[in-house]
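Numbering (the UniProt record's numbering), first residue to last: 1 to 129.
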């Protein structure tokens, strides 16, 4: 049986760094439930390096890293589903994150509204506030 994990999207990390904390994320980190993937780290790392925030980057790198296994047919299928349902402007990185969340059966923590829209079409756990 796999343990409960929460993939924390870059939108949450950005808010966390801007506001100086986020109780829900703090709890996930303390309880060792938070995880990220290389895509999310790649979205965040350049800005952190530019601002010389090496401690923050090292902290992110210490969080459990979930390997990505992209199934491009599934990603294209999600994009088609979105377009058919009027869910526009969802980037490929977010569709890759969605595929991982569904495949790994893990919860997604994201502040991006389009994940809430896609949740109406697909079955996945989402923390959005």
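By construction, the Cβ of each residue, glycine as well, lies at the ideal position given by its N, Cα and C atoms.
Owing to the predicted nature of the structure, the values given are computational and were not obtained by experimental measurement.
Who are the Cβ neighbours of residue 48 in its own chain at under 6 Å, not counting the five residues just before and after it?
-> Residue 48 sits at position 48 when you count from the first residue of the chain shown. The residues are 56 and 57.
Sequence-distant residues of its chain with Cβ nearer than 6 Å to residue 40 (five each side left out) = Translated into the one-based positions of the chain shown, residue 40 becomes position 40. Excluding sequence neighbours, residue 40 sits near 10.
Through-space distance from residue 112 to residue 90, alpha-carbon basis = The residue labelled residue 90 in the question sits at position 90 within the chain shown. The residue labelled residue 112 in the question sits at position 112 within the chain shown. Computed Cα separation, rounded: 10 Å.
Hey, quick one: how far does the alpha helix (DSSP H) through residue 45 stretch, first residue to last?
-> By 1-based counting over the chain shown, the position of residue 45 is 45. Here the alpha helix (DSSP H) through residue 45 covers 38-50.
For residue 5 versus residue 44, is the C-beta spacing smaller than 8 Å?
-> Here residue 5 refers to the residue found at position 5 when the chain shown is read from its first residue. Here residue 44 refers to the residue found at position 44 when the chain shown is read from its first residue. Going by C-beta atoms, residue 5 is not nearer than 8 Å to residue 44.
Tell me which same chain residues have a C-beta within less than 6 Å of the C-beta of residue 124, skipping the five on either side of it?
-> Taking the first residue of the chain shown as position 1, residue 124 is located at position 124. The residues are 101 and 102.
In whole angstroms, what is the alpha-carbon distance linking residue 74 and residue 128?
-> As a first step, residue 74 is located in the chain shown; it is residue number 74 there, counting from the start. As a first step, residue 128 is located in the chain shown; it is residue number 128 there, counting from the start. Taking the straight line from one Cα to the other gives about 23 Å.
Sort 14, 122 and 67 by Cα distance to residue 53 and report the nearest one.
-> The sequence position of residue 53 within the chain shown is 53, counting from 1. Nearest option by C-alpha distance: 14.
In the DSSP assignment, find the unbroken beta strand (DSSP E) run with residue 6 in it and report its ends.
-> Looking up residue 6 in the chain shown gives position 6. Here the beta strand (DSSP E) through residue 6 covers 6-8.
Can you give the beta carbon distance from residue 188 to residue 70, rounded, assuming they're within the 8 Å contact cut?
-> With the chain represented from 1 up to 129, any question about residue 188 goes unanswered, as that position is not in the structure.
With distances taken between CB atoms, is the gap from residue 104 to residue 66 smaller than 8 Å?
-> As a position in the chain shown, residue 104 is number 104, starting the count at 1. As a position in the chain shown, residue 66 is number 66, starting the count at 1. In this structure, residue 66 lies closer than 8 Å to residue 104 by Cβ.
Rounded to whole angstroms, what's the CA-CA distance from residue 78 to residue 64? Just pull it up for me.
-> Counted from its first residue, the chain shown places residue 78 at position 78. Counted from its first residue, the chain shown places residue 64 at position 64. Residue 78 and residue 64 have their C-alpha atoms roughly 26 Å apart.
Minimum C-alpha distance to residue 109 - residue among 21, 28 and 3 | Here residue 109 refers to the residue found at position 109 when the chain shown is read from its first residue. If we check each option's Cα against that of residue 109, 28 comes out closest.
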